[in-house]
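Just below is one structure, and these are the notes that go with it.
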Amino acid sequence: MIKAFSSTTKSVLATAETLPPMLIAALCWLFAILFGIWMLPNTIFVRNACLLLGGLLGLYVIALELRRGVTVLQVNAIPVLMVMLLYLWVTAHLLWLGAEPQLQLQEFSRYWKRIILCFPFALGLGLALRSAVVYSDTQQSKNSQSCWGVMYLGLMLPTIIFFVKYALTILAKHYQIELNPFLEVSEDYHLSRFGMSKAWYVFFCLPGFAVALGMITNAILTNTFTIKKYGVFLLSMIAVLCAFYLQAVRNGMIYAGILIVIAIAIAGRSVLRSGSRKQIAALFAISLILAAMVAASVHKHPQWKMMVADAKVAVQLEKFDHWKYQNHLGKGYPMNEYGKAVNLSNYERVAWGIVGTKLLIENPQGYGLMSLSFDHLTKAKWPDSWLSMTHSGWLDFALGYGIPGLALLLGALLLAWHNSKKVITPWSYLGRWGLGSIGLLMITTELSSEIFINATVFMVVAIAGMTMDLGHNKKLDKHLAQS
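Counting with our numbering, you get residues 436 to 918 for the letters of the sequence shown.
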């Protein structure tokens, strides 16, 4: 039986053409560079260069696959088609539905142009990785492993760069050296053009943490976890958590904790019921990381203790309208049931979420701006208000492009996430854990701006491309599945 399968597989391999390994590697390295510097201010030239070169290589890959019989008329290609429909919807919004055509045109020419241009790079990368994945158990195993290493390095580069800058900043202060602002960690991104919002760190650092956690969770379930084999992934998780702690990124801690809870839930039942001592010890170690995170976060962010009390005040929108002004008029903030002023973050997140949801119901077609639709809609209703975004990426995007726009982007992400389970490990972790963490994070983080939407669309299309059934590999997929 095995001999017969081997013979058949070799026959299929002989007739199937694979993409050149150098082409796949080039796309992986371009992704790693792009993802690594995407959040860094004043790197637009490098970003555009990666998108342009990646797009040209991606078009070449797409052309090769179309020539070999790839079709987009398949279930796994639906996320790609939904992204294309999103482009059309945004264009239609600009031409016929938007309330601010001038502002929309500026945003379209500056932001959506890049988001659209990233499409061939993302799809080409996904299709190229699909080629590497299919052959990962045959003659291209080494190429597949090296590509995986480059892709994971790309996910971890934002964290690595942060620690390099953090170390340089400390050394510069210690030795009283004036450091180039680009090389230091800015304490206030509002005052420095080289500073970065906390949301940037959590968006670009969390996927690396999530993918490592997914790998370790699967290793625990399959009883293959060893420090030698997975130590680097465990260290990368700790590094991301340390970055969140040092930057006081509360959202990062929240979602890292949620992901660990999910991992414990996935592995816990099976391990506790019939697991070995090694499995139980590994699961216990992950639980300890979670406990340490909770303790560190509560110590760093005492506002956790007031979350419920502050939320009770925030839901009383008419009685307490301080949420409209962000203290711009000097009104301050209301007191909670403990006689203390509400925490800004707790109070505003809840109030803005409720108000934003109501505005979306009133404006289901959307206002037309990616980032500041909430500000414009609230000013139309309350002219003296002083707001910007709702603190929810999904809600802000919906306020911009309506329920249809939200349905297309969120639907594409969920379908790509679901379909990625069909991909073999470790590549499936890019979708199930990496892309999944992005979708989860956008629930309560203000991520509806060009960099984040661009990266989200890129990841959705790339993951969808990985899951597409390449026409010239269908026979091989069937034989590999039967093995």
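Even glycine gets a Cβ: it sits at the ideal position worked out from N, Cα and C.
As the structure is a computational prediction, the values presented were derived from the model and not from experiment.
Review point. Under the DSSP definition of a beta bridge, which residues are partnered with residue 776?
Key: 770
Exercise for review: Whole angstroms is fine: what's the gap from residue 900's alpha carbon to residue 793's?
Suggested key: 36 Å
Exercise for review: Using the Cα positions of residue 851 and residue 520, report the straight-line distance between them to the nearest angstrom.
Suggested key: 15 Å
Practice item. Output yes or no for whether 9 Å exceeds the beta carbon distance between residue 538 and residue 803. Key: yes
Check your understanding: How many Å lie between residue 524 and residue 536 at the Cα?
Key -> 15 Å
Exercise for review: Would you kindly report the start and end of the unbroken alpha helix (DSSP H) that includes residue 502?
Suggested key: 479 to 502
**Study point:** Local Cβ density within 10 Å of residue 682, reported as buried at 16 or more and exposed below that
**Key:** buried
Review point. Where residue 808 and residue 838 are concerned, what is the direct C-alpha to C-alpha distance, given to the nearest angstrom?
Key: 14 Å
Practice item. Check each candidate in 480, 876 and 853 and name the one with the smallest Cα separation from residue 866. Key: 853
Point to revise | Pairwise C-alpha distance: residue 619 and residue 903 | key: 42 Å
Exercise for review: With DSSP collapsed to three states, give me the class of residue 649.
Suggested key: helix
Review point. For residue 482, which of 549, 544 and 714 has the nearest alpha-carbon?
Key: 549
Check your understanding: What residue ranges within the region 789 to 820 form continuous alpha helix (DSSP H) runs of no fewer than 4 residues, ordered along the chain?
Key -> 808 to 816
Exercise for review: Starting from the C-beta of residue 499, find all residues in its chain whose C-beta is less than 8 Å away, skip the five residues before and the five after it, and write them out in chain order.
Suggested key: 454
Point to revise | residue 885 - DSSP class collapsed to helix/strand/coil | key: helix
Check your understanding: Considering only residues of the same chain and omitting the five flanking positions on each side of residue 601, which have a CB-CB separation below 6 Å?
Key -> 620
Point to revise | Residue interval of the alpha helix (DSSP H) (run including residue 838) | key: 828 to 854
Point to revise | residue 818 classed as buried or exposed, judged by whether at least 16 other C-beta atoms fall within 10 angstroms | key: exposed
Check your understanding: Enumerated in chain order, which unbroken segments of the beta strand (DSSP E) with a length of 3 residues or greater are wholly contained in the region 657 to 722?
Key -> none
Exercise for review: Consult DSSP for residue 822 and reduce its assignment to one of helix, strand or coil.
Suggested key: coil
**Study point:** Cβ contact check for the region 483 to 498 and the region 586 to 600: 3 or more pairs under 8 Å
**Key:** no
Review point. In whole angstroms, what is the alpha-carbon distance linking residue 477 and residue 697?
Key: 37 Å
**Study point:** Rounded straight-line distance, which links the Cα of residue 774 to that of residue 742
**Key:** 14 Å
Practice item. Whole angstroms is fine: what's the gap from residue 656's alpha carbon to residue 673's? Key: 21 Å
Check your understanding: Whose C-alpha, out of 713, 666, 868 and 480, is nearest the C-alpha of residue 658?
Key -> 713
**Study point:** CA nearest to the CA of residue 806, picked from 515, 828, 816 and 815
**Key:** 828
Practice item. State the start and end residues of the unbroken alpha helix (DSSP H) segment that holds residue 522. Key: 513 to 527
Practice item. Buried or exposed for residue 835, please, with buried defined as at least 16 other CB atoms from any protein chain shown within 10 angstroms of its CB. Key: buried
Check your understanding: Measuring CB to CB, does residue 813 end up less than 9 Å from residue 881?
Key -> no
Review point. For residue 587, does the count of other Cβ atoms within 10 angstroms reach 16, so buried, or fall short, so exposed?
Key: buried
Exercise for review: Using 8 Å as the cut-off, classify the Cβ of residue 470 as near or not near the heavy atoms of the ligand GDP, replying yes or no.
Suggested key: As presented, the structure is devoid of all ligands, the ligand GDP included, so that no description of it is given.
Review point. Alpha carbon to alpha carbon, what distance is there between residue 721 and residue 645?
Key: 13 Å
Review point. Are the beta-carbon atoms belonging to residue 486 and residue 556 less than 9 Å from one another?
Key: yes
Point to revise | residue 649 versus residue 560: straight-line alpha-carbon distance, rounded | key: 22 Å
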